[in-house]
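Have a look at the structure below before the remarks.
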Amino acid sequence: MIASINADTINIIHPQDIAGAYELSESHAEISGEIDLQTDEHNQFIDLDDVSILQAVVFIEDACQFRTINHKIGPRHLWIYRKYQSFPVTVFRFVVIFALHMLAFLEHPSSLTITSDLRSQGLRPMVPCWVTQFLEFIFLSLLLMDNIIRLYVI
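First residue of the sequence shown? That's 80 in this note's numbering, and the numbers climb one at a time after it.
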């Protein structure tokens, strides 16, 4: 706002009321620490490219999720890193780890029954050995790919 003080009245003029942009005097700008927003507003992002913006986005996402920032910052690495840290991939990774741990309850000799009462021995699941081994191989292969991707981006 610009204020003009006369002997009888005080006039306060809002910058939007002035046709065009208002200019602060250099002495006022130096004293108050204000800058000319009209020129800086349009020029502040002129030198930023897509890689810089992608790096900034990844660092902000890392800060919001409390993740470490010790990873490579090349454009391809950051693209893979964002996909790797996305919610669906994270959920898939936890499901694979959970399923790998749950396979232990299906292998022979299994202690998995409907009831824990020793007097009534329920039927235990009999899964063929090759099925559990195949599933273990698949899950371990997925975890190996997970580690390879992690090594590539970190």
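The C-beta atom is built at its ideal place from N, Cα and C for all residues, glycine as well.
Cα-Cα separation between residue i and residue j, rounded to whole angstroms
i           : j           : result
residue 129 : residue 163 : 20 Å
residue 143 : residue 137 : 10 Å
residue 197 : residue 215 : 30 Å
residue 168 : residue 199 : 42 Å
residue 174 : residue 225 : 13 Å
residue 189 : residue 177 : 18 Å
residue 170 : residue 145 : 17 Å
residue 217 : residue 135 : 36 Å
residue 193 : residue 165 : 37 Å
residue 211 : residue 127 : 52 Å
residue 213 : residue 195 : 29 Å
residue 108 : residue 154 : Annotation note: pLDDT 47 at residue 108 (below 50); position unreliable, no value reported.
When the options are compared against residue i, the one with the closest alpha-carbon
i           : options               : result
residue 223 : 131, 172, 133 and 157 : 172
residue 220 : 186, 205 and 179      : 179
residue 161 : 174, 141, 212 and 176 : 141
residue 147 : 153, 139 and 154      : 139
residue 157 : 212, 132 and 208      : 132
residue 208 : 195, 194, 193 and 187 : 187
residue 204 : 213, 217 and 182      : 182
Simplified DSSP state of residue i, which is helix, strand or coil
i           : result
residue 149 : coil
residue 186 : coil
residue 219 : helix
residue 154 : helix
residue 205 : coil
residue 194 : coil
residue 165 : coil
Cβ distance (whole Å) where residue i is taken to contact residue j below 8 Å
i           : j           : result
residue 150 : residue 228 : 12 Å between Cβ atoms; not a contact.
residue 185 : residue 206 : 5 Å
residue 152 : residue 231 : Not really, about 13 Å apart at Cβ, beyond 8 Å.
Exposure label - residue i; buried when at least 16 CB within 10 Å
i           : result
residue 202 : exposed
Test: residue i CB closer than 8 Å to a CB of chain C
i           : result
residue 152 : Of the chains in the structure shown, none is chain C; there is only one protein chain.
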